[in-house]
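Chemist: Mind having a look at this structure? Questions to follow.
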Amino acid sequence: MSAQEAREPLVYINGELYPKSEAKVSVFDHGLLYGDGVFEGIRVYNGIIFKLREHIDRLYRSAKVLRLNIPMDPEKMVEEVVRTVRANGFRDAYIRLVVTRGVGDLGLDPRKCGRPNVIIIVEHLEPILGSGMREKGITVIFSSTRRDPVHATSHEVKSLNYLNSILAKIEAIEAGADDAIMLDSRGFVAEATGANVFIVKNGTLITPPVTTGILPGITRAVVIEIAGKLGIPVQERDITPVEFMTADEAFVTGTGAELVPIGFVGKVPIGDGRPGPVFRRILEEFNRYKTDPRNGVPAF
Ligand code: PXG
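Just so you know, the numbering used here puts the end of the sequence shown at 503, numbered straight through with nothing missing.
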């Protein structure tokens, strides 16, 4: 074990770096009491913080909807993330950036909360879902919990309130599946619990629109860009569960998952149940793209 691995990771809280075991916030923080706050999950590939500015932009857009005033400007936030990654010395890592409403009383009123808490956690990169999943594909179910609609707590906002996804994840686990595909309130495909979804039909890549209440994923945007470069036609349109089950290919995209093929919906194979040619082409290009220094902010 290197000296870097032997010592505790450092966690940023409001400008200070604390060893992981001492990184604490109050039980009166409305992030804990009500899920009142916003967050981002970001990856570092070979010392480059992938799409950091895009993640910071999304964080501030989420905060705007919640009328949460982040106590620094976006450029300063970029600097603080870079500083925390550098302090930890991890060249490949996962960053969790959290801004909570802050410490208040036991009522909902956000005006009682003083200053938002800004937290930056940097963790060593875990093996990405195991290369097995990338070869074999995951099994999903259609969850009975629908994606929160756009006229409620829409997942267009990346808030700390993830119960909608957690209920679907529990249902998937209880069914022996890896993840759940959540439908929107009309019954069209929305997204997975923590990842966006694509299908391939006759060579065209299709993904649900943001109006289904999904998080506009940064990996999703990258996949659309890559498809454009590879000359693969892309459609953003509603997908029915039947279209999904009868697609030639399907896969999920997200910072945590990266790109993972879907082999089965329950016992029904998608295509032949194995990763398809369009997925493989996009994955190959994604693996180049993610380590290209032009696609992120250097930490070192
Ligand atoms: N949809 C939802 C609901 C998400 O939470 C994505 C899509 C993918 O977005 P990005 O920008 O990462 O391509 C997410 C990702 C995890 C994990 O463990 C992922 C997310 C949140 C919490 C955990 O993979 N967000």
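Backbone N, C-alpha and C define an ideal beta-carbon position, used for all residues, glycine too.
Could you check if D382 is buried or exposed, using at least 16 other CB atoms within 10 Å of its CB as the buried criterion?
Modeler: Within the sequence shown, residue 382 is the residue found at index 179, counting from 1. When all chains shown are included, D382 counts as buried.
Chemist: On the three-state DSSP scale, how would you describe R210?
Modeler: Taking the sequence shown and counting its residues from 1, the one referred to as residue 210 is at position 7. Correct three-state label for R210: coil.
Chemist: Give the DSSP-derived three-state secondary structure of F391 in the structure shown.
Modeler: As a working note, residue 391 is residue 188 in the sequence shown. F391: coil per DSSP, three-state reduction.
Chemist: According to DSSP, is T422 helix, strand or coil?
Modeler: Here residue 422 refers to the residue found at position 219 of the sequence shown. T422: helix per DSSP, three-state reduction.
Chemist: Between the alpha carbons of P478 and M280, how many angstroms are there, rounded?
Modeler: Taking the first residue of the sequence shown as 1, we reach residue 478 at position 275. Taking the first residue of the sequence shown as 1, we reach residue 280 at position 77. Distance between the alpha carbons of P478 and M280 is about 38 Å.
Chemist: By the DSSP assignment, the alpha helix (DSSP H) with Y492 in it spans what residues?
Modeler: The count along the sequence shown starts at 1 and reaches residue 492 at position 289. Run containing Y492: 480 to 492, per the alpha helix (DSSP H) assignment.
Chemist: Counting along the chain, where does the beta strand (DSSP E) carrying N367 start and finish?
Modeler: As a first step, residue 367 must be located in the sequence shown, where it is residue number 164. Premise fails: N367 lies in the alpha helix (DSSP H), 366 to 377, not in any beta strand (DSSP E).
Chemist: In whole angstroms, what separates the C-alpha of L300 from that of F253?
Modeler: Within the sequence shown, the letter at position 97 stands for residue 300. Within the sequence shown, the letter at position 50 stands for residue 253. Straight-line Cα distance between these residues: approximately 14 Å.
Chemist: Which residue wins for smallest C-alpha separation from A430, given the options A393, L418, L408?
Modeler: Translated into the one-based positions of the sequence shown, residue 430 becomes position 227. The shortest C-alpha separation from A430 is found at L408.
Chemist: On the DSSP bridge list, what partners appear for Y215?
Modeler: The count along the sequence shown starts at 1 and reaches residue 215 at position 12. For Y215, which the question treats as bridged, DSSP gives the partners L220, I323.
Chemist: Determine the extent of the beta strand (DSSP E) in which G234 is found, giving its start and end residues.
Modeler: Taking the first residue of the sequence shown as position 1, residue 234 is located at position 31. Element bounds for G234: not the beta strand (DSSP E) but the alpha helix (DSSP H), 233 to 237.
Chemist: Please confirm whether V203 and Y221 have their CB atoms less than 7 Å apart.
Modeler: Residue 203 lies beyond the stretch modelled for the chain, which goes from 204 to 503, so this question has no answer here.
Chemist: Taking only the alpha-carbon atoms, compute the straight-line gap between L309 and D239 and give it to the nearest angstrom.
Modeler: By one-based count along the sequence shown, residue 309 stands at place 106. By one-based count along the sequence shown, residue 239 stands at place 36. Taking the straight line joining both Cα atoms gives about 13 Å.
Chemist: So F447 is in the alpha helix (DSSP H); what residue range does that whole segment cover?
Modeler: Taking the first residue of the sequence shown as position 1, residue 447 is located at position 244. That run of the alpha helix (DSSP H) goes 444 to 448.
Chemist: Got a sec? Which residues, its chain only, sit under 8 Å from T303 by beta carbon, not counting five neighbours each side?
Modeler: Counting from 1 along the sequence shown, the entry for residue 303 is found at position 100. So the list reads V228, D232, H233, G234, L235, D239, G240, P319, N320, I322, L363, once near-sequence residues are dropped.
Chemist: Cβ-heavy atom distance between A398 and the ligand PXG below 6 Å?
Modeler: Numbered from its first residue, the sequence shown carries residue 398 at position 195. Yes, the ligand PXG has a heavy atom inside 6 Å of this Cβ.
Chemist: Please check the pair T456 and T494, which I expect to be a contact at CB under 8 Å, by giving their CB distance rounded to whole angstroms.
Modeler: As a working note, residue 456 is residue 253 in the sequence shown. As a working note, residue 494 is residue 291 in the sequence shown. At roughly 17 Å, the Cβ-Cβ gap does not stay under 8 Å, so T456 and T494 are not in contact.
Chemist: Pick helix, strand or coil for S265, following the three-state DSSP scheme.
Modeler: By 1-based counting over the sequence shown, the position of residue 265 is 62. Looking at S265 - three-state DSSP - the assignment turns out to be helix.
Chemist: Using 8 Å as the Cβ pair cut-off and three pairs as the minimum, do the region 396 to 416 and the region 271 to 279 touch?
Modeler: Counting Cβ pairs under 8 Å, fewer than three are found: no touch.
Chemist: Report the residue ranges of all beta strand (DSSP E) runs contained in full by the region 277 to 302; include only those spanning at least 3 residues, in chain order.
Modeler: As far as the region 277 to 302 is concerned, it has no whole beta strand (DSSP E) run of at least 3 residues.
Chemist: Could you pull out every residue in the same chain whose Cβ sits closer than 8 Å to the Cβ of S388, ignoring the five residues on either side in sequence?
Modeler: For the purposes of this step, residue 388 is taken as residue 185 along the sequence shown, with counting starting at 1. Only R349, R350, P352, G416 meet the Cβ criterion.
Chemist: For A226, which of helix, strand or coil comes out of DSSP?
Modeler: As a first step, residue 226 must be located in the sequence shown, where it is residue number 23. Residue state, collapsed to three classes: coil.
Chemist: Please go through the same chain and pick out, in chain order, the residues whose beta-carbon is closer than 8 Å to the beta-carbon of R483, but skip the five residues on each side of it.
Modeler: Here residue 483 corresponds to residue number 280 of the sequence shown, with the count starting at 1. So no residue of the chain qualifies.
Chemist: Taking the continuous beta strand (DSSP E) assigned at I401, which residues delimit it?
Modeler: Mapped onto the sequence shown, residue 401 falls at position 198. The identity of residue 401 in the sequence shown is Phe, whereas the question assumes Ile. F401 -> beta strand (DSSP E) spans 399 to 404.
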